[in-house]
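Colleague:
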Amino acid sequence: MPATVSHPRTLYDKIWDAHIVDEQKDDLALLYVDRHLVFEVSSPQAFEGLGNAGRFVRRRDCTLATVDHNVPTASRKNLTDLQSFIKEPDSRAQCQALEGNVKEFGLTYFGMTDRRQGIVHVIGPEEGFTLPGIVLVCGDSHTSTHGAFGCLAFGVGTTEVEHVLATQTILQKKSKNMRITVDGTLSEGVTSKDVILYIIGTIGTAGGTSSVIEYAGSVIRRLSMEARMSICNMSIEAGARAGMIAPDDTTFDYLRSRPLAPKGAEWDRAEAYWRTLQTDEGAQFDAEVHIAAADIIPTATWGTSPQDVVPITGAVPDPASFTDPVKRASVERALKYMDLTPNTPMEEIKLDKVFIGSCTNSRIEDLRSAAKVILAAGAGAKVADGVYAMVVPGSGLVKQQAEAEGLDAVFTRAGFDWREAGCSMCLGMNPDQLAPGERCASTTNRNFEGRQGAGGRTHLVSPAMAAAAALAGRLTDVRRLLGSDAPTRIATGPKLKVVSAFEFLTDPVLPPPPPEKRAQIASPSDSLPPAVRKFTIVKGIAVPLHMENIDTDMIIPKQYLKTLKRTGLADALFFALRWDPVTGEPTDFILNREPYTRSKILVCDGENFGCGSSREHAPWSLNDFGIRCIIAPSFADIFRNNTMQNGMLPIALPKDVCTELTRDAEAGLELEVDLEAREIRRTFGKPPVPFAVDEFRRHCLLNGLDDIALTLQKSAAIEQYEVRRSQVWPWLDGLGYTGKISERLPKDTSTLEW
Ligand SMILES: CC(C)[C@H](C(=O)O)[C@@H](O)C(=O)O
Ligand code: SF4
Numbered sequence: 073m074p075a076t077v078s079h080p081r082t083l084y085d086k087i088w089d090a091h092i093v094d095e096q097k098d099d100l101a102l103l104y105v106d107r108h109l110v111f112e113v114s115s116p117q118a119f120e121g122l123g124n125a126g127r128f129v130r131r132r133d134c135t136l137a138t139v140d141h142n143v144p145t146a147s148r149k150n151l152t153d154l155q156s157f158i159k160e161p162d163s164r165a166q167c168q169a170l171e172g173n174v175k176e177f178g179l180t181y182f183g184m185t186d187r188r189q190g191i192v193h194v195i196g197p198e199e200g201f202t203l204p205g206i207v208l209v210c211g212d213s214h215t216s217t218h219g220a221f222g223c224l225a226f227g228v229g230t231t232e233v234e235h236v237l238a239t240q241t242i243l244q245k246k247s248k249n250m251r252i253t254v255d256g257t258l259s260e261g262v263t264s265k266d267v268i269l270y271i272i273g274t275i276g277t278a279g280g281t282s283s284v285i286e287y288a289g290s291v292i293r294r295l296s297m298e299a300r301m302s303i304c305n306m307s308i309e310a311g312a313r314a315g316m317i318a319p320d321d322t323t324f325d326y327l328r329s330r331p332l333a334p335k336g337a338e339w340d341r342a343e344a345y346w347r348t349l350q351t352d353e354g355a356q357f358d359a360e361v362h363i364a365a366a367d368i369i370p371t372a373t374w375g376t377s378p379q380d381v382v383p384i385t386g387a388v389p390d391p392a393s394f395t396d397p398v399k400r401a402s403v404e405r406a407l408k409y410m411d412l413t414p415n416t417p418m419e420e421i422k423l424d425k426v427f428i429g430s431c432t433n434s435r436i437e438d439l440r441s442a443a444k445v446i447l448a449a450g451a452g453a454k455v456a457d458g459v460y461a462m463v464v465p466g467s468g469l470v471k472q473q474a475e476a477e478g479l480d481a482v483f484t485r486a487g488f489d490w491r492e493a494g495c496s497m498c499l500g501m502n503p504d505q506l507a508p509g510e511r512c513a514s515t516t517n518r519n520f521e522g523r524q525g526a527g528g529r530t531h532l533v534s535p536a537m538a539a540a541a542a543l544a545g546r547l548t549d550v551r552r553l554l555g556s557d558a559p560t561r562i563a564t565g566p567k568l569k570v571v572s573a574f575e576f577l578t579d580p581v582l583p584p585p586p587p588e589k590r591a592q593i594a595s596p597s598d599s600l601p602p603a604v605r606k607f608t609i610v611k612g613i614a615v616p617l618h619m620e621n622i623d624t625d626m627i628i629p630k631q632y633l634k635t636l637k638r639t640g641l642a643d644a645l646f647f648a649l650r651w652d653p654v655t656g657e658p659t660d661f662i663l664n665r666e667p668y669t670r671s672k673i674l675v676c677d678g679e680n681f682g683c684g685s686s687r688e689h690a691p692w693s694l695n696d697f698g699i700r701c702i703i704a705p706s707f708a709d710i711f712r713n714n715t716m717q718n719g720m721l722p723i724a725l726p727k728d729v730c731t732e733l734t735r736d737a738e739a740g741l742e743l744e745v746d747l748e749a750r751e752i753r754r755t756f757g758k759p760p761v762p763f764a765v766d767e768f769r770r771h772c773l774l775n776g777l778d779d780i781a782l783t784l785q786k787s788a789a790i791e792q793y794e795v796r797r798s799q800v801w802p803w804l805d806g807l808g809y810t811g812k813i814s815e816r817l818p819k820d821t822s823t824l825e826w
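Converting from the sequence shown to my numbering requires adding 72 to each position, the first position being numbered 1.
(1) Comparing C-alpha positions only, which one of Y84, K567, V207, L243 sits nearest to L102?
(2) Could you name the residues of the same chain whose beta carbon sits closer than 8 Å to that of E767, not counting the 5 residues immediately before and after it, in chain order?
(3) To the nearest whole angstrom, what separates the beta carbons of T230 and L179, a pair I think is in contact under 8 Å?
(4) Counting pairs of beta carbons, one from the stretch 525 to 545 and one from the stretch 703 to 710, are three or more of them closer than 8 Å?
(5) Does the beta-carbon of E309 have 16 or more other beta-carbons within 10 angstroms, so that it is buried, or is it exposed?
(6) Which value, in whole angstroms, describes the spacing of the CA atoms of Q592 and A146?
(7) Determine the direct distance from the alpha carbon of M716 to that of L774, and round the result to whole angstroms.
(8) Identify whether D457 lies in helix, strand or coil by the three-state DSSP scheme.
(9) Could you check if G354 is buried or exposed, using at least 16 other CB atoms within 10 Å of its CB as the buried criterion?
(10) Span of the alpha helix (DSSP H) holding A538?
(11) Quick one: is the Cβ of C498 within less than 7 Å of any heavy atom of ligand 2?
(12) Provide the residue span of the alpha helix (DSSP H) that contains H362, from first to last.
(13) Check whether the Cβ atoms of E419 and L237 lie closer than 8 Å to each other.
(14) Candidates E521, N713, R435, N695: which alpha carbon is nearest S686's?
(15) Quick check on DSSP: helix, strand or coil for E112?
(16) For S534, which residues of its own chain have a beta-carbon under 6 Å away from its beta-carbon, when the five flanking residues on both sides are left out?
(17) Cutting at 8 Å between CB atoms, please list the residues of its own chain near G612, excluding the five before and the five after it.
(18) Is L784 close to chain B? Criterion is C-beta to C-beta, closer than 8 Å.
(19) How far does the alpha helix (DSSP H) with I87 in it reach, from first residue to last?
(20) Which ranges would you report for the beta strand (DSSP E) in the stretch 370 to 450 if only whole runs of at least 3 residues count?
(21) Closest by CA to K408, which one among P378, K634, G528, P586?
(22) Tell me the DSSP bridge mates of V254?
(23) Using a Cβ-Cβ cut-off of 8 Å (strictly less than) and excluding sequence neighbours within five positions of I662, which residues of its own chain qualify?
(24) What are the start and end residues of the beta strand (DSSP E) that includes L102?
(25) With hydrogens ignored, establish whether the beta-carbon of H214 is closer than 7 Å to any heavy atom of ligand 1.
(26) How is W801 classed by DSSP in three states: helix, strand or coil?
(27) Out of H771, D736, L747, state which residue places its alpha-carbon closest to the alpha-carbon of G757.
(28) Applying the 10 Å Cβ sphere with the 16-neighbour rule, what's the burial state of V482?
(29) Helix, strand or coil, according to DSSP, for I271 in the structure here?
(30) Ordered along the chain, which non-local residues of its own chain (more than five positions away) have a Cβ less than 6 Å from that of S599?
(31) Where do the N-terminal and C-terminal ends of the alpha helix (DSSP H) with E732 fall, by residue?
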């Protein structure tokens, strides 16, 4: 908490300043974390580390856990326990591990028998756990969703999850300020999903790298909270650290009376503070982008990166129109994977499956928007022959609300499968997957190779576009079903009613239970011995890669995220590229070829290495293979942090230098990376290549220092911060856990105005 600041600040600057526990060199600061969401995939190793070190969860009142990624979405009518319900052993083990950990460490948990269970980014806002002005983290990249409430919310890796559990703080480097302003009026059929796809198509998947994006403008102001969440959710696909939208009446109306939101006088005090959370007039942004709403029409992706967007009226691009050879190669590769011919009109692309769900688009408004399209198609509208379409609500409460409104009946009558809450076919860690070669219109956020199932092909669209596609059996322009006569057709369909979300938010959120096993309270200096492998000099032949946007799904696919360990992942590295899907034999991918099977360095000349998911399994698998250093033109923020947490060194160098190094690697020449000297020596007479690295990170890597042990040395500063926090923002002390339900149930002001 800084002294009074006089210069104009952005919303991000204000939240950053308010959370500084300790400032360090290199723009690094120890930030206090107000809210921590936990789920089964990225937490087992974190709890294990915590337990092994005899540490405890510092703020049980500020931590909330659920299961989402692995849970089956089949009917839970016969659900009694996880043991009998989750058939897949690794998925079951991960969910059971979380159940064990929440008991052992004493955490509030919405398990599978709790109707509040759901996707972690749906339940946080739903319960009022997410609030304006806070710092919120979760071991998941789409934590950016919560920024819709005017808070700083970002994804972290598993080691950082452990750090937050133990210290309630996170070490962060200040990002750049970026503002994207969307002005004008959205045309009919254009939704917030189209807006964010359009933005990503405009700035690219690396466009927001090292930045926090504030979304502003008349279009954003008019959006509901659900729509704002869809936009902030995909900030990660735009490469940003986080996305945020200044809180306003829409935010407050959504939050008021949610179980974990402040009540009574505390609410008034909180609201007065939240109203100050606006970017000041004259505040400086490092980058500004202006988007005209009139330019956006319903959008779909054609390729294997979220930036591969095209208006639905457009066609599949022709690689010949790309002059940059790396870009052209990546378009060719994407078209081959997607089995698409250049210049094919988007509306001619036939589908096998349609998926409506995920943390991007599984909230009540998304389901209403899809149902509206079905009704607008007229009585008797049916999912096209040969297409399987599923709807997966984001949480048990969204499901109940949708059922009370009659939306489930609209879906099932039209032939959609109505499921239980979870991440489902967004990444298919549960049984919901695409079969090889199947093509899907999906309301999710990632169209990476193999994302929804090995060999599966994904086209990202809005819920309205997905519903229209299901009926047409191919991608189609949803506007064909809307227009002036749509209201008449809708009126002749079944009568739906608007039900308030508050009718279902009636379960008290009880205070966290006492931990079953009280861990010893670690003393600040008890684990100072180095816990991370030291990095000094690494020498050898580097493995060269010529690809852009290498995502962490490609580095390690979903099936390997079910492990409870950090090791044993060497063969999982670049799995789909290294092993033949039919024979299981090694392919001739570069990592399988001599001498690269022994490489300790990887050099890539494509931008945005490690984009996508926050899975720390990506650096774990690289590490297990033997890679200690990665050189690329740019890195995704979370991936870069995750590598350093594991004693690995990411080096960013200009693209032409990376290309030169890949040539050296192809010629079988050795590189020597010297962290002390900050240079890459080439053993064949060429001049060394200097590189930059943050001083603090360099110090930690050279000495193998563990962030948690270092932070625990700052316990006094953390305690001091907590005392002030209780005085200035008392509602953040987990006071929502009163065990009481909301005193008043406000009316939902939203309408079925389509
Ligand atoms: C499992 C989790 C770490 C991952 C993420 O960070 O995004 C997942 O949610 C995903 O969407 O790939
Ligand atoms: S992106 Fe998909 S898998 Fe990841 S949290 Fe969201 S719904 Fe779950």
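Note that CB positions come from ideal geometry on N, CA and C, so glycine has one too.
Modeller: Here's the rundown:
(1) L243
(2) K97, D98
(3) Actually they do not touch by this definition, with Cβ atoms about 16 Å apart.
(4) no
(5) buried
(6) Here the model assigns Q592 a pLDDT of 48, short of 50, so the residue's position is not dependable and the matter cannot be decided.
(7) 11 Å
(8) coil
(9) exposed
(10) 535 to 544
(11) yes
(12) First-last for H362: 359 to 364, but that is the beta strand (DSSP E), not the alpha helix (DSSP H).
(13) no
(14) N713
(15) coil
(16) T263, K265, D266
(17) R670, S671, K672, I673, E742, L743
(18) Reference to chain B is not applicable here, since this structure consists of a single protein chain.
(19) 83 to 90
(20) 371 to 373, 381 to 383, 425 to 428
(21) G528
(22) I363
(23) V615, P616, L617, Y668
(24) 100 to 104
(25) yes
(26) coil
(27) D736
(28) buried
(29) helix
(30) The predicted position of S599 is uncertain, since its pLDDT is 40 and thus under 50; a value taken from the coordinates is nonetheless stated next. Result list for S599: A125, A781, in chain order.
(31) 727 to 738
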